[in-house]
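Here is the structure we will look at.
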Amino acid sequence: MEPKIDRRVSKRVKLIKWPTKILIKEKSIDGITRNISVYGAFIYYFQPHGKNLPLKLHKVVDLIIEAPGVAPLFISAEVIWSNILSSDEKNTLLGVGLRFIEVPDKERQFLQDFVTVYTDPMLN
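First residue of the sequence shown: 176, per the working numbering; consecutive thereafter.
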């Protein structure tokens, strides 16, 4: 078995838990940003059974990410992958990988600073 290749172009910060809204023109989905980089994020969310279709590939969504200590981040992103992660009697846990496509300057600067601080061993 060949090792998994990481294709990311920037470092990411893992194990965060930032409340996030995924906005699609017909609905809003409450989720949690689990890891983030300057260029994208992994978000998971729960849906009741019957509403558990993963987001479609290449769908463009708007995000409102509530990072601690700053105003909410408003970012547009494209769905790169979307999966059902697990399921129980009532809900389905879904995950989505997103590539940021429109990031205002203020949000981009925050992400650059955040990723630098939390991935640079000299600063930790």
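Glycine is no exception: its CB is placed at the ideal position from the N, C-alpha and C atoms.
Fair warning: this is a prediction, and the values are worked out from it, not measured in the lab.
S212 counts as buried, since no fewer than 16 other beta carbons sit within 10 angstroms of its beta carbon.
For V235, the enclosing beta strand (DSSP E) begins and ends at V235 to I240. Look at the stretch 193–263 and you find these whole runs of beta strand (DSSP E), each 3 residues long or longer: 193–199, 202–212, 215–223, 235–240 and 248–262.
Bounds of the beta strand (DSSP E) holding V271 are N266 to E277. Contact annotation: G244 and N258 have beta-carbon atoms that are not nearer than 7 Å. Here the alpha carbon of R209 sits roughly 10 Å from the alpha carbon of T195. Its chain contains Y214, G215, A252, E253 and I255 as the residues whose beta carbon lies nearer than 8 Å to that of R274, once the 5 sequence neighbours on both sides are disregarded; these appear in chain order. Between K192 and I207, the C-beta gap is smaller than 7 Å, which places the two residues in contact. A residue is called buried when at least 16 other Cβ atoms come within 10 angstroms of its Cβ; V235 does not meet this threshold and is exposed. CA-CA distance, L228 to E264, rounds to 16 Å. In the DSSP annotation of this structure, the continuous segment of the alpha helix (DSSP H) that includes K281 starts and ends at D280 to T294. For the options P296, D237, F289 and L190, the alpha carbon positioned closest to that of I250 is the one of D237.
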